[in-house]
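The structure appears right after this line, and notes come after that.
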Amino acid sequence: MSERRQSLNRREFFSYISVAWIAFGAACANLASLAFRYSYPNVNFEPEMEFIAGTPDVYEEGVDERYKNGYGVWMVKLEGKLFALSNICTHLGCIPNWLPAELKFKCPCHGSGYYMSGINFEGPAPRPLERYAISLNAEGKIKVDKTKVYRWEKGQWDHPNSFLSV
Amino acid sequence: MRELINYFADPIRSFPAVCVLFYLMMKYYRVVGTKKFLYWSLAFIIPVSIWFAIDPNFFTILILPDNIPIIILLVAVGFLQWFTFYKAAQNDARIEEGLGPLEGTPENREKVWSWPNLVYTELFMIIAATSFLIVWAIVFKAPLEEPANPTWAPNPAKAPWYFLGLQEMLVYFDPWMAGVVLPGVVVVGLIAIPYIDTNPKGNGYYTIAERPVAMWGFLFGWLVLWLYLIIVGTFLRGPNWTFYGPFEYWDYHKVVAEYNVNLSEFMWIKWLNTAMPENMFVREILGIILSLGYIIILPPLSAATKYGKMMIEKVGMIRYYIFIVLLLLMMSLPIKMVLRWLFSLKYIIALPELELNL
Ligand code: FES
Chain A
172 MSERRQSLNR
182 REFFSYISVA
192 WIAFGAACAN
202 LASLAFRYSY
212 PNVNFEPEME
222 FIAGTPDVYE
232 EGVDERYKNG
242 YGVWMVKLEG
252 KLFALSNICT
262 HLGCIPNWLP
272 AELKFKCPCH
282 GSGYYMSGIN
292 FEGPAPRPLE
302 RYAISLNAEG
312 KIKVDKTKVY
322 RWEKGQWDHP
332 NSFLSV
Chain B
217 MRELINYFAD
227 PIRSFPAVCV
237 LFYLMMKYYR
247 VVGTKKFLYW
257 SLAFIIPVSI
267 WFAIDPNFFT
277 ILILPDNIPI
287 IILLVAVGFL
297 QWFTFYKAAQ
307 NDARIEEGLG
317 PLEGTPENRE
327 KVWSWPNLVY
337 TELFMIIAAT
347 SFLIVWAIVF
357 KAPLEEPANP
367 TWAPNPAKAP
377 WYFLGLQEML
387 VYFDPWMAGV
397 VLPGVVVVGL
407 IAIPYIDTNP
417 KGNGYYTIAE
427 RPVAMWGFLF
437 GWLVLWLYLI
447 IVGTFLRGPN
457 WTFYGPFEYW
467 DYHKVVAEYN
477 VNLSEFMWIK
487 WLNTAMPENM
497 FVREILGIIL
507 SLGYIIILPP
517 LSAATKYGKM
527 MIEKVGMIRY
537 YIFIVLLLLM
547 MSLPIKMVLR
557 WLFSLKYIIA
567 LPELELNL
């Protein structure tokens, strides 16, 4: 028994291995935190979340595309209501196009189609386009707030903030 | 003639046609796997492809830099598939005579050293592949487009060519299903093959007769559900992801009337003539029952059949059930596609409130 050379007894072995595991765990945690930080970029080119969209009288009946490229919003005036429609497809987040001839929004990715109101009727989209909060500010200008969304399937399109009566 | 091909290329018609072709090919693989068949089909395919390519509309799609890998893929897959059949037909004929597969003959069992035999081949392949890629990069310029813009998407917006099958799948499914669950199941299923499939037959030699289930199942998934969908997604989907025949001009204003309906709407409004119930689970009850039935009732049911009993005896309970569930999940894709085409069915279960749709 005493002849067997033992460079490491059981207790030492366990203390080494605990140090090793702690170091390994710390390294992994560090890496994970870096990866997490990486998902929040320093500069963000995303469109503003809030913007002023002129006065209600500039809009004609139908879909207005002037805020689509800058802010990702269609201003739609339909049956006495003015609302701000999101331009993000509810299927997988592509950007649909407005086809004036066919009076529908059509997604280039998998072919979902939406009526002017944003209701989906063809293709795989599971629910209608979302609407953003819209209100008049003190000067009578329209303020669109993209941080608040109103979803049809949750019955939120009747919410007073989801449209302007015009 | 072109009109006719355009008409038949529509997935509604071409999918069954591809399935029938697949069936014939697998059934008569001994005819397919002959040199004579190869020459005859080449004599047929080459002029036909030239005739396809001289069409200006098809040609413009064909030579998109993105699509050239698919052409290479098609040629390679066609040849390798034939080669498999050729070898398998030979082996199966030998096995019937009691001779054993060609790969098992003494002269083919001889062993060689991996160095230099394997390593040299690998080195050579590395050099060949690298030079191929360099030439490729010089000849075909990467299409540089304008900077990414979160409020605009190209039309049609296409995934890389190897993902076009997935993108085509997304037309029929919720992103969760076609983007996460089904691809996950494919990957897990492929990983699971060695554990499920413990049958030593077919190890190291080509055969079809000895491994019918494995060959039919795998090739159906690969050729019909993956490659065919890639072809559709590449050549037959144009602006707005509308279907275009191979000779059709990609007209941005092509109008296709479509109106998709959920199963729950079929049930409550069309069949029962009432309003949709408030509670979403009551609303989707039929779809929930059907889907659960599909995945929970069908496996034991299939186990009670003659084939099921036979397979359980061979591979055991657990393996059998895993296999059947994987198979059912795979078959859910064609089932859903056919339902969409026939009944404009959108979702079997539609719970947009929970972002859950099947
Ligand atoms: S992302 Fe719009 S249809 Fe799929």
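Residue numbers (our numbering), protein chains in the order written: chain A, 172 to 337; chain B, 217 to 574.
C-beta: ideal position from N, C-alpha, C; glycine also.
Decide if I534 (chain B) is buried, meaning its Cβ has at least 16 other Cβ atoms within 10 Å, or exposed.
Classification for I534 (chain B): exposed.
Over what stretch of residues does the beta strand (DSSP E) that includes W245 (chain A) continue unbroken?
Unbroken beta strand (DSSP E) run through W245 (chain A): V244 to L249.
Use the C-beta contact count for Y255 (chain B): other C-beta atoms within 10 angstroms, 16 or more gives buried, fewer gives exposed.
With fewer than 16 other Cβ atoms within 10 Å, it is exposed.
By how many angstroms is the C-alpha of R218 (chain B) removed from the C-alpha of A358 (chain B)?
Going by the C-alpha atoms only, they are around 32 Å apart.
Is there a Cβ from chain A that is less than 8 Å from the Cβ of F389 (chain B)?
So, interface residue.
Under a Cβ-count criterion, where at least 16 other Cβ atoms within 10 Å of its own Cβ denotes burial, should A192 (chain B) be classed as buried or exposed?
Look at the range of chain B in this structure, 217 to 574, and you will see that residue 192 (chain B) is not part of it.
Say the cut is 7 Å; is the CB of G282 (chain A) nearer than that to a heavy atom of the ligand FES?
Yes, since a heavy atom of the ligand FES falls inside the 7 Å radius drawn around the Cβ of G282 (chain A).
Looking at A296 (chain A) and the ligand FES, is the gap between the Cβ and the nearest heavy atom below 7 Å?
For the ligand FES, at least one heavy atom lies less than 7 Å from the Cβ of A296 (chain A).
Tell me whether L386 (chain B) counts as near the ligand FES, meaning its Cβ is closer than 7 Å to at least one heavy atom of that ligand.
The answer is yes for L386 (chain B).
So, are the CB atoms of V320 (chain A) and P227 (chain A) less than 8 Å apart?
The answer is no: Cβ separation not under 8 Å.
What separation, rounded to the nearest whole angstrom, lies between the Cα atoms of F459 (chain B) and M553 (chain B)?
Cα-Cα distance, rounded: 14 Å.
Spell out whether any CB of chain B is found under 8 Å from the CB atom of F222 (chain A).
By this cut-off, F222 (chain A) is not an interface position.
Does any C-beta atom of chain B lie closer than 8 Å to the C-beta of F292 (chain A)?
By this cut-off, F292 (chain A) is an interface position.
Taking contact to mean at least 3 C-beta pairs separated by less than 8 Å, is the region 467-481 of chain B in contact with the region 491-502 of chain B?
Contact holds: three or more Cβ-Cβ distances are below 8 Å.
Where does W269 (chain A) land, buried or exposed, given buried means 16+ other C-beta within 10 angstroms?
When all chains shown are included, W269 (chain A) counts as buried.
Quick check on P370 (chain B) - is its C-beta less than 8 Å from some C-beta in chain A?
Closer than 8 Å to some Cβ of chain A, the Cβ of P370 (chain B) qualifies, so yes.
Identify the contact partners of W457 (chain B) in chain A, using a Cβ-Cβ distance below 8 Å as the criterion.
The contacting residues are C278, P279, C280, H281, G282 and G294.
In the DSSP output, what is K277 (chain A) paired with across the bridge?
For K277 (chain A), which the question treats as bridged, DSSP gives the partners A:N268 and A:G284.
Which same chain residues, not among the five before or five after R298 (chain A), have their C-beta less than 6 Å away from its C-beta?
If we look at R298 (chain A) and ignore the five residues flanking it on each side, its Cβ neighbours are T261 and E324.
Alpha carbon to alpha carbon, how far is G225 (chain A) from R302 (chain A)?
Rounded to whole angstroms, G225 (chain A) to R302 (chain A) spans 18 Å at the Cα level.
What are the boundary residues of the alpha helix (DSSP H) that includes I284 (chain B)?
I284 (chain B) -> alpha helix (DSSP H) spans I284 to E312.
Quick one: what does DSSP say F436 (chain B) is sitting in, helix, strand or coil?
Helix at F436 (chain B).
Between the region 359-384 of chain B and chain A, which residues of the former have CB atoms less than 9 Å from a CB of the latter, in chain order?
Going along the region 359-384 of chain B in chain order, one finds P363, A364, N365, P366, T367, W368, A369, P370, N371, P372, A373, K374, A375, Q383 and E384 with a Cβ nearer than 9 Å to chain A.
Name the two residues that bound the continuous beta strand (DSSP E) containing A255 (chain A).
That run of the beta strand (DSSP E) goes K252 to S257.
Using 8 Å as the threshold, is the C-beta distance between Y422 (chain B) and T276 (chain B) below it?
The answer is no: Cβ separation not under 8 Å.
Report the rounded CA-to-CA distance for K522 (chain B) versus L488 (chain B), giving the unit in angstroms.
The straight-line gap from Cα to Cα measures roughly 39 Å.
Between which two residues does the alpha helix (DSSP H) containing A315 (chain A) stretch?
One point to set straight first is that residue 315 (chain A) is Val, not Ala, in the sequence displayed. Careful: V315 (chain A) lies outside any alpha helix (DSSP H), inside the beta strand (DSSP E) at I313 to Y321.
How should C136 (chain A) be labelled, buried or exposed, when 16 other C-beta atoms within 10 angstroms of its C-beta is the threshold for buried?
This structure does not reach residue 136 (chain A), given that chain A is present from 172 up to 337, and the question cannot be answered.
Which residue wins for smallest C-alpha separation from L290 (chain B), given the options B:I513, B:K525, B:V448 and B:G503?
It is B:V448.
Taking its Cβ as the centre, do 16 or more other Cβ atoms sit within 10 Å of R325 (chain B), making it buried, or is it exposed?
So R325 (chain B) counts as exposed.
Does the ligand FES have even one heavy atom less than 7 Å from the beta-carbon of P363 (chain B)?
For the ligand FES, not one heavy atom lies less than 7 Å from the Cβ of P363 (chain B).
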